[in-house]
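Chemist:
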Amino acid sequence: MDKGSRIYIAGHRGLVGSAIARRLRTEGFANILTRTHKELDLLEQAAVRRFFEIEKPEYVFLAAAKVGGIHANDSYPAEFIRDNLLIQTNVIDAAWKSGVKKLCFLGSSCIYPKLAPQPINEEHLLTGPLEPTNEWYAIAKIAGIKMCQAYRRQYGFSAISLMPTNLYGPGDNFDLANSHVLPALLRKFHEAKEAGAPEVVVWGTGKPRREFLHVDDMADASVHLMQNYDEEQIVNVGVGQDVTIAELAEHVRQAVGFTGRVVFDKSMPDGTPRKLLDVTRLHATGWRAKVPLDEGIRQTYEFYIQDMLQNRN
5 MDKGSRIYIA GHRGLVGSAI ARRLRTEGFA NILTRTHKEL DLLEQAAVRR FFEIEKPEYV
65 FLAAAKVGGI HANDSYPAEF IRDNLLIQTN VIDAAWKSGV KKLCFLGSSC IYPKLAPQPI
125 NEEHLLTGPL EPTNEWYAIA KIAGIKMCQA YRRQYGFSAI SLMPTNLYGP GDNFDLANSH
185 VLPALLRKFH EAKEAGAPEV VVWGTGKPRR EFLHVDDMAD ASVHLMQNYD EEQIVNVGVG
245 QDVTIAELAE HVRQAVGFTG RVVFDKSMPD GTPRKLLDVT RLHATGWRAK VPLDEGIRQT
305 YEFYIQDMLQ NRN
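Per the numbering used here, the very first residue in the sequence shown carries number 5; after that it's consecutive.
1) Report the three-state DSSP secondary structure of K145 (helix, strand or coil).
2) Check each candidate in D224, G111, S22, P123 and name the one with the smallest Cα separation from C152.
3) Taking only runs of the beta strand (DSSP E) that begin and end inside the segment 156-203, which ones reach a length of at least 3 residues, in chain order?
4) Would I309 be called buried (16 or more neighbouring beta carbons within 10 Å of its own) or exposed?
5) Would you call the segment 168-188 and the segment 7-26 in contact, with 3 or more CB pairs under 8 Å?
6) In this structure, how does DSSP classify K118 when only helix, strand and coil are distinguished?
7) Is there contact here, the segment 117-131 with the segment 49-57, by at least three beta-carbon pairs under 8 Å?
8) Counting pairs of beta carbons, one from the segment 135-143 and one from the segment 76-87, are three or more of them closer than 8 Å?
9) Mind reading off the beta-carbon distance from S9 to E57? Whole number of angstroms is fine, and I expect it under 8 Å.
10) Would you say K118 reaches chain C, if we count a Cβ-Cβ gap shorter than 7 Å as a contact?
11) Write down every uninterrupted run of the beta strand (DSSP E) in the segment 45-132 whose length is 3 residues or greater and which is fully enclosed by it, in chain order.
12) Flag this pair as touching only if the segment 143-160 and the segment 196-214 have three or more C-beta atom pairs under 8 Å; answer yes or no.
13) Out of L297, M222, V205, P212, which one is the CA nearest neighbour of K279?
14) Mind checking H184: buried by the 16 CB within 10 Å criterion, or exposed?
15) Give me the Cα-Cα distance between Y141 and I85, rounded to the nearest whole angstrom.
16) Which residue wins for smallest C-alpha separation from A120, given the options G300, M312, L281, D274?
17) Which full runs of the beta strand (DSSP E) of 3+ residues lie inside the segment 260-294, going along the chain?
18) So does the segment 237-251 actually touch the segment 89-103, counting three or more Cβ pairs closer than 8 Å?
19) Check each candidate in I115, V95, H287 and name the one with the smallest Cα separation from E48.
20) Indicate whether V204 and F268 have their beta-carbon atoms separated by less than 7 Å.
21) Do G275 and I74 have their C-beta atoms within less than 7 Å of each other?
22) Check whether the segment 234-242 touches the segment 282-297, counting contact only when three or more Cβ pairs, one atom from each stretch, lie closer than 8 Å.
23) Assuming contact is defined by CB atoms lying nearer than 7 Å, are L189 and A288 in contact in what I supplied?
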């Protein structure tokens, strides 16, 4: 990519897409193409094809997806598999047909088996059963990976696939019914502090271990790999370290300033016991995460407060 390249970010309003847009603009890329859902419905094949034929982007970051936490995945399985398959198929195919130079597909660490060896390396894909609570999303993402690989093999299309660990940061979804664990905890602890509640209830046992990557780091890695990696093999994107959910809750409690108790509801699902990514392949490209977890949580909490105040006004 050069500074004048026509770069399309699919999903530019989402957590990752907005961070990629910020990163590109910071680095001086001025020709960024974006469309809202109202302007371009990625579920509609004909509309996607017209967009690519008219706008002719040279590079594509495919960050658009239907996403959510355990509750959302478990409640809307049809939407998670259907919508993600349609988005991926429409964008990847139209990108190849219109002559896009390179596409970066963003997957998820949930593609790996529930009981994959830890840390999880890229070769563990398709070696065991998935976590049942998010298999619909995972299967769609696996299909996206295989589509990128198939188009590379048959058509020579330059498409890379990145598998981020759990992401968080400015622009996150704080809806308690549909959000991921970190933003949900931030909101829970904040509302408990505001209400003077004696305790905060956290789903599960607190024992599962999770890895968390700040979305600005994810954006930085995406741009870096778009410019420096061009292979069929998928690439894990993470920090290479994890914490228990109980430890995460403590980090959030301190960032918010909540002084009450933390109680774990063991009747609720834990999900996968551990998801730590092996980032050896990523590090070999010369990239490492930079944002410490405590600092990232503080930044995200500040964003949540500002966003909440703006929505009130």
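Even for Gly, the Cβ is constructed at its ideal location relative to N, Cα and C.
Modeler: This is what the structure holds:
1) helix
2) G111
3) 163-168, 170-172
4) exposed
5) yes
6) coil
7) no
8) yes
9) Incorrect: roughly 18 Å between the Cβ atoms, too far for contact.
10) Considering every chain present, this structure includes no chain C. It has just one protein chain.
11) 63-66, 106-110
12) no
13) P212
14) buried
15) 6 Å
16) L281
17) 265-269
18) no
19) V95
20) no
21) yes
22) yes
23) no
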